[in-house]
Amino acid sequence: MDHSAAFQEYEQAALAAIAAAADADALEQVRVEFLGKKKGRLKDLQAVVGKVSAEERPVVGKQFNEVKDKVSAAFEARKSDLNKPQAAAAGLDISLPGVVPRLGKRHPLSQTMDDFKDIIGRMGFTVAEGPEIEDEHHNFVALNIPEDHPARDPLDNFYLSAAAYANGQAPERLHLLRSQTSTVQIRVMEQTKPPIRIVSLGRVYRPDTIDATHSCMFHQMEGLMVGEGVTMAQLKTVLRLFATTYLGQDVRIRFRPSFFPFTEPSVEVDMSWSDDWLEIGGAGMVDPNVLREVGYDPDEVSGFAFGLGIERFCMRRHHVTDIRRFYENDVRFLAQF
Ligand code: DAH
Numbered sequence: 005m006d007h008s009a010a011f012q013e014y015e016q017a018a019l020a021a022i023a024a025a026a027d028a029d030a031l032e033q034v035r036v037e038f039l040g041k042k043k044g045r046l047k048d049l050q051a052v053v054g055k056v057s058a059e060e061r062p063v064v065g066k067q068f069n070e071v072k073d074k075v076s077a078a079f080e081a082r083k084s085d086l087n088k089p090q091a092a093a094a095g096l097d098i099s100l101p102g103v104v105p106r107l108g109k110r111h112p113l114s115q116t117m118d119d120f121k122d123i124i125g126r127m128g129f130t131v132a133e134g135p136e137i138e139d140e141h142h143n144f145v146a147l148n149i150p151e152d153h154p155a156r157d158p159l160d161n162f163y164l165s166a167a168a169y170a171n172g173q174a175p176e177r178l179h180l181l182r183s184q185t186s187t188v189q190i191r192v193m194e195q196t197k198p199p200i201r202i203v204s205l206g207r208v209y210r211p212d213t214i215d216a217t218h219s220c221m222f223h224q225m226e227g228l229m230v231g232e233g234v235t236m237a238q239l240k241t242v243l244r245l246f247a248t249t250y251l252g253q254d255v256r257i258r259f260r261p262s263f264f265p266f267t268e269p270s271v272e273v274d275m276s277w278s279d280d281w282l283e284i285g286g287a288g289m290v291d292p293n294v295l296r297e298v299g300y301d302p303d304e305v306s307g308f309a310f311g312l313g314i315e316r317f318c319m320r321r322h323h324v325t326d327i328r329r330f331y332e333n334d335v336r337f338l339a340q341f
């Protein structure tokens, strides 16, 4: 065979084999076949060089070395590729420092809820979760809210239509978007024995007319503490401490006698807001009927509960005057937090 044809054939075959080697073992076999010093295709090629005339030898010898160097370089490159981690082979350098995300931050209400969990957590309350689609039992019945109570009016709740359920059969229990987070009190007590000290934060839904301070979806933080000898004085201390920690020492908290079916006695909680008072939630001592409903003995344990509106705290702290801002997703508003 003519020597340049032999060089060409060797080079093409070697480069193809190197590129095709899928791992280090395969590559090593390619090395032995094409670059081995004792025998193999490089040796054969050398024999071709040995056969050319003395005049031609310097030129052909130089060509031989060029081909050999080219194949060796391809071999080394492939070898270092196979040694790299896969991400790096794909062109990613995972050792580069991370980039701080430039777009987006946590929503002000999410930030507020994080702060709430942090503050109330220092008082020993852990976080419990409950579903947003609830049944009448947890939203009303177990909370001592009777059938004819106005809070159960279809016009004041988002009931889910029975027809929406599969096979056209009305479910045993009617479901609704929960109107309060007090539902989680029941869920926790059903599953745990006292002592209990939990909060639950999340969305609630009511078909209210939307204005600057009302929305048909908003957030509450529910609190529940049950145990031996839990008192109203403790409730007031927890709420005062909570409010002043979040809003500052100058905020004043007021308790007004009120009524809730699931607490007795009940209070409404107000905070001072520019020479006036703004309601921030309800609270009270857990009604004995509620304790009995979940299998507790009201002669052994007592408890307090509270439900606070999260938006109102966030609004006061950040001087937001319209609750609708929170839900409009206007980045000019959101970027300020
Ligand atoms: N669930 C009540 C509401 O949404 C607020 C509330 C009042 C919660 C008294 C409580 C409580 O835990 O004890 O209006």
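Just so you know, we're using this note's numbering here: the sequence shown kicks off at 5 and counts up by one. The beta-carbon is built from N, C-alpha and C at its ideal position, and this holds for glycine as well.
Next on the checklist: Please list the terminal residues of the continuous alpha helix (DSSP H) segment that includes A10.
Outcome noted: Start at 1 with the first residue of the sequence shown, and residue 10 comes out as number 6. From DSSP, the alpha helix (DSSP H) with A10 extends over H7 to A24.
Next on the checklist: Tell me the rounded alpha-carbon separation between K197 and L178.
Outcome noted: Counting from one through the sequence shown, the residue named residue 197 turns up at place 193. Counting from one through the sequence shown, the residue named residue 178 turns up at place 174. Computed Cα separation, rounded: 27 Å.
Next on the checklist: Within a Cβ cutoff of 7 Å, which residues of the same chain sit near V192, ignoring the five residues on either side of it in sequence?
Outcome noted: Locating residue 192 in the sequence shown gives position 188, counting from the first residue. If we look at V192 and ignore the five residues flanking it on each side, its Cβ neighbours are A132, I200, I202 and L228.
Next on the checklist: If distances are taken between C-alpha atoms only, which option among L205, G102, V56 and F38 comes closest to K74?
Outcome noted: Here residue 74 refers to the residue found at position 70 of the sequence shown. Measuring from the Cα of K74, the nearest candidate turns out to be F38.
Item to check | Inter-residue Cα distance where the pair is L251 and R321 | outcome: By 1-based counting over the sequence shown, the position of residue 251 is 247. By 1-based counting over the sequence shown, the position of residue 321 is 317. Put simply, the backbone Cα of L251 is about 6 Å away from that of R321.
Next on the checklist: Taking 6 Å as the cut-off, is the C-beta of S276 nearer than that to any heavy atom in ligand 1?
Outcome noted: As a first step, residue 276 must be located in the sequence shown, where it is residue number 272. In terms of side-chain proximity, the C-beta atom of S276 is found no nearer than 6 Å to any non-hydrogen atom of ligand 1.
Checklist entry - Which residue from T267, D215, L164 and Q253 puts its Cα closest to that of L239? => result Taking the first residue of the sequence shown as 1, we reach residue 239 at position 235. Each of T267, D215, L164 and Q253 was checked against the Cα of L239, and the nearest Cα belongs to T267.
Checklist entry - Can you give, in chain order, each stretch of the beta strand (DSSP E) that sits fully within the stretch 200-253 and has at least 3 residues? => result The DSSP assignment places complete beta strand (DSSP E) segments of no fewer than 3 residues inside the stretch 200-253 at 200-209 and 221-231, in order along the chain.
Item to check | Candidates Q253, E272, T248 and Q189: closest to Q300 by CA position | outcome: Sequence index remark: in the sequence shown, residue 300 carries index 296 (1-based). Checking the displayed sequence, the identity of residue 300 turns out to be Tyr instead of Gln. Of the listed residues, the one whose Cα sits closest to Y300 is Q189.
Item to check | Alpha carbon of K72 to alpha carbon of K43, nearest angstrom | outcome: Along the sequence shown, read from residue 1 onward, the residue named residue 72 stands at position 68. Along the sequence shown, read from residue 1 onward, the residue named residue 43 stands at position 39. Cα to Cα, the separation comes out at about 15 Å.
Checklist entry - Would S278 pass as a contact of R256 if the rule is Cβ separation under 7 Å? => result Your numbering for residue 278 matches position 274 in the sequence shown. Your numbering for residue 256 matches position 252 in the sequence shown. Not closer than 7 Å, so no.
Item to check | Segment limits, alpha helix (DSSP H) that includes E117 | outcome: Along the sequence shown, read from residue 1 onward, the residue named residue 117 stands at position 113. The sequence shown places Met at residue 117, rather than the Glu named in the question. Its alpha helix (DSSP H) spans residues P112 to G125.
Checklist entry - What separation, rounded to the nearest whole angstrom, lies between the Cα atoms of A25 and R61? => result Start at 1 with the first residue of the sequence shown, and residue 25 comes out as number 21. Start at 1 with the first residue of the sequence shown, and residue 61 comes out as number 57. Looking at the two C-alpha atoms, the distance is approximately 33 Å.
Item to check | Three-way DSSP call (helix, strand, coil) for L39 in this model | outcome: On the sequence shown, residue 39 is found 35 positions in, with the first residue counted as 1. In the structure shown, L39 sits in a helix (DSSP, three-state: H, G or I).
Checklist entry - Are there 16 or more other CB atoms within 10 angstroms of the CB of P154, so buried, or fewer, so exposed? => result Translated into the one-based positions of the sequence shown, residue 154 becomes position 150. Result: exposed.
Next on the checklist: For S262, which residues in the same chain have their Cβ closer than 7 Å to its Cβ, ignoring the five residues on either side in sequence?
Outcome noted: Working through the sequence shown from its first residue, we reach residue 262 at position 258. S270, V271, E272 and G286.
Item to check | Neighbourhood of P211 by C-beta, 8 Å cutoff - its chain only, sequence neighbours within 5 removed | outcome: Residue mapping note: residue 211 aligns to position 207 of the sequence shown, counting from 1. Excluding sequence neighbours, P211 sits near L159, D160, N161, F162 and C220.
Item to check | Option nearest G233 by Cα separation, candidates E194, Q340, D6 and D303 | outcome: The residue labelled residue 233 in the question sits at position 229 within the sequence shown. Selected option, being the one with the closest Cα: D303.
Item to check | Nearest neighbour of F264, chosen from R258, E283, M289 and L100 [CA to CA] | outcome: Counting from 1 along the sequence shown, the entry for residue 264 is found at position 260. Per the C-alpha coordinates, the member of R258, E283, M289 and L100 positioned closest to F264 is M289.
Next on the checklist: Looking only at its chain, what residues have a beta carbon closer than 6 Å to the beta carbon of Y209, apart from the 5 residues adjacent to it on each side?
Outcome noted: Counted from its first residue, the sequence shown places residue 209 at position 205. Around Y209: F162, L181 and M221.
Checklist entry - Just to check, is the beta-carbon of G311 closer than 6 Å to a non-hydrogen atom of ligand 1? => result Position 307 of the sequence shown holds residue 311. Yes, Cβ of G311 sits closer than 6 Å to a heavy atom of ligand 1.
Checklist entry - Should I214 be labelled buried (16 or more other beta-carbon atoms within 10 Å of its own) or exposed? => result On the sequence shown, residue 214 is found 210 positions in, with the first residue counted as 1. Counting Cβ neighbours within 10 Å, I214 comes out exposed, since fewer than 16 surround it.
Checklist entry - Among D139, R156 and T187, which has the Cα closest to the Cα of L147? => result To locate residue 147, count along the sequence shown from 1; it is residue 143. Just measuring C-alpha positions, the residue of D139, R156 and T187 sitting nearest L147 is T187.
Item to check | Distance CB(E283)-CB(D274) smaller than 7 Å | outcome: As a working mapping, residue 283 is identified with position 279 in the sequence shown. As a working mapping, residue 274 is identified with position 270 in the sequence shown. A contact, by the Cβ cut-off of 7 Å.
Checklist entry - How far does the beta strand (DSSP E) with F259 in it reach, from first residue to last? => result To locate residue 259, count along the sequence shown from 1; it is residue 255. For F259, the enclosing beta strand (DSSP E) covers residues I257 to F264.
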